[in-house]
Amino acid sequence: MLTYDEKKAIETAHVLINARKNKKAIFSKCYETPEKRLPPDIKLGSKEHAAWLFYTSLGEVKVKSKVFIQHAYELFQKSPEIFDPSYIAQNFERIGEGKIKNKENGENLEVIIRDDLKHGLYKQIADRWFQNSFIVSRDYNGDVRNILKGVKDVSTAEKILGVVRPGKRKGYDGFRGFGQKTASLFMMRLTEAGLTNFNEYELPLPVDHQLIDLVLGREIVDFDDDYIHRGRFVEFTKEKLATTCKENKISPIKFKNASWILKAELSNNCVKLKNGKDLCPFEEPCMYRLDDYEYNTRGRIVKNVNTI
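Mapping of the sequence shown onto our numbering: position 296 corresponds to residue 288, and the numbering continues sequentially without gaps.
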């Protein structure tokens, strides 16, 4: 049975958001999430900015965000056209299964994703990169900003991105790779950049590894069994946190950013190094930590006692 402690959720959110606002604890060393570091040629709010958020959100699947976005940053400086939907749609073509090649020079998009972005799921990511670039070019005049232009509610946005559709029907010709977490991440990033019309309190939190580790550790979400399936845990957590943020006017964007920085930068220190305590914004350490093996390999949530 899953339980939710709203009081702890509110306390945790306020501690994190205030610590980040005042650059205390870990936030004195790391204040921004990695996608905020834009390549030099990208201007805030521009077509290129939206495309950067589009592709980096799509690629954050089973990778360390900080490492992946650093590779994306380097690739953009080397070959900015790879982040241009119209260029990809006009210059690349699918040749048989698993080959997406440049018509002029023969470059393989899969190889670019594998070698430049160092992505283990390079075939899957290249397929999404190509398909989604084609859709943006065909339906949105090559401008990612047009995808959600004028859209004010999350449910409509999810339908546009392909999150909500009647199964994986044959002939589906829409966006690929936008599960609920990726769609939430993309919508939050666009909103934070001022590129959507959403009320931020309506945005669902992307429940990723860092957020799950946080809600377990702070005992916000708990369960009695030895483990619980990840999907059930994620749906429960997403629904509860969304309601808490909306009813208590807690910015889900600020909560997401702060929780990501805390867990991405501090999780190992918190468990293994004594000086990690000095960087933690909480007076008491987390009670539990997420079992990474169970999470990544078996799709199960298992909580381990957090010994420091």
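Beta carbons: idealized from backbone N, C-alpha and C, even for Gly. Only a predicted model underlies this, so the values are computations on that prediction, with no experimental measurement involved.
query = Secondary structure at TYR(-4), three-state DSSP: helix, strand or coil?
reply = Here residue -4 refers to the residue found at position 4 when the sequence shown is read from its first residue. In the structure shown, TYR(-4) sits in a strand (DSSP, three-state: E or B).
request  = Determine which residues share a DSSP beta bridge with ARG292 and list them.
outcome  = Position 300 of the sequence shown, counted from the first residue, corresponds to residue 292. BP columns for ARG292 point to HIS221.
request  = Identify whether ILE92 lies in helix, strand or coil by the three-state DSSP scheme.
outcome  = In the sequence shown, counting from the first residue as 1, residue 92 sits at position 100. DSSP places ILE92 in strand when its eight states are reduced to three.
ask   = What are the start and end residues of the alpha helix (DSSP H) that includes ASP131?
value = Your numbering for residue 131 matches position 139 in the sequence shown. Segment 114 to 131, the alpha helix (DSSP H) holding ASP131.
request  = Compare the beta carbon distance of TRP102 and ILE87 with 8 Å and say whether it is the shorter of the two.
outcome  = As a working mapping, residue 102 is identified with position 110 in the sequence shown. As a working mapping, residue 87 is identified with position 95 in the sequence shown. The sequence as given places Glu at residue 102; Trp does not occur at that position. No.
query = Which same chain residues, not among the five before or five after PRO77, have their C-beta less than 6 Å away from its C-beta?
reply = Here the question's residue 77 lines up with position 85 in the sequence shown. Excluding positions up to five away in sequence, the list reads SER125, VAL128, SER129, GLY134.
ask   = Under three-state DSSP, which class holds VAL226?
value = Position 234 of the sequence shown, counted from the start, is the residue given in the question as residue 226. Three-state result, VAL226: helix.
request  = Measuring alpha carbon to alpha carbon, tell me which of ALA5, LEU(-6), GLY171 ends up nearest ALA234.
outcome  = To locate residue 234, count along the sequence shown from 1; it is residue 242. Selected option, being the one with the closest Cα: ALA5.
ask   = Mapping DSSP to helix, strand and coil, what is ASP76?
value = Start at 1 with the first residue of the sequence shown, and residue 76 comes out as number 84. Three-state DSSP puts ASP76 in coil, outside helix and strand.
ask   = Going by alpha carbons, who is nearest to GLU27 out of LEU50, SER20, ASN10, LEU153?
value = Position 35 of the sequence shown, counted from the start, is the residue given in the question as residue 27. Answer by Cα proximity: LEU50.
request  = Taking ILE293 as the reference, give the member of LYS238, PHE274, ASP270, ASP216 with the closest Cα.
outcome  = Locating residue 293 in the sequence shown gives position 301, counting from the first residue. Of LYS238, PHE274, ASP270, ASP216, the residue nearest in Cα terms is ASP216.
request  = Out of SER243, TYR287, ARG281, point me to the one whose CA is closest to ARG12's CA.
outcome  = Within the sequence shown, the letter at position 20 stands for residue 12. Nearest C-alpha to ARG12: SER243.
inquiry  = I'd like the list of long-range same chain contacts for ILE34, defined as Cβ closer than 7 Å, with 5 residues on each side in sequence excluded.
reply    = The count along the sequence shown starts at 1 and reaches residue 34 at position 42. GLU40, HIS41, TRP44.
task = Would you check if the distance between the CB atom of ILE74 and the CB atom of ILE104 is smaller than 8 Å?
result = Within the sequence shown, numbered from 1, the residue matching residue 74 stands at position 82. Within the sequence shown, numbered from 1, the residue matching residue 104 stands at position 112. It is a contact, given that the beta carbons lie within the stated cut-off.
ask   = What is the residue span of the beta strand (DSSP E) that TYR280 lies within?
value = Against the sequence shown, residue 280 aligns to sequence position 288. First-last of the beta strand (DSSP E) with TYR280: 280 to 282.
inquiry  = Spatial neighbours of PHE225 within its chain, please: C-beta separation below 6 Å, excluding the five flanking residues on both sides.
reply    = The sequence position of residue 225 within the sequence shown is 233, counting from 1. Taken in chain order, the residues that qualify are ILE293.
message = On the criterion of 16 or more Cβ atoms from any shown chain inside 10 Å, does GLY291 qualify as buried, or is it exposed?
response = For the purposes of this step, residue 291 is taken as the residue at position 299 of the sequence shown. Classification for GLY291: exposed.
inquiry  = Going by C-alpha to C-alpha distance, which of ASP283, TYR287, THR289 sits closest to VAL297?
reply    = Along the sequence shown, one-based indexing puts residue 297 at 305. It is ASP283.
ask   = In chain order, what residues of the same chain lie with their CB nearer than 6 Å to the CB of GLU286, ignoring the 5 residues before and after it?
value = Looking up residue 286 in the sequence shown gives position 294. So the list reads ARG292, VAL294, once near-sequence residues are dropped.
query = What is the DSSP secondary structure of PHE190, reduced to helix, strand or coil?
reply = Position 198 of the sequence shown, counted from the start, is the residue given in the question as residue 190. Note: PHE190 maps to coil in three-state DSSP.
key: Pairwise C-alpha distance: VAL146 and PHE178   = Numbered from 1 along the sequence shown, position 186 holds the residue referred to as residue 178. Numbered from 1 along the sequence shown, position 154 holds the residue referred to as residue 146. Those two C-alpha atoms are separated by around 12 Å.
key: 8 Å Cβ cutoff met for PRO273 and ALA17   = Counting from 1 along the sequence shown, the entry for residue 273 is found at position 281. Counting from 1 along the sequence shown, the entry for residue 17 is found at position 25. Contact: yes.
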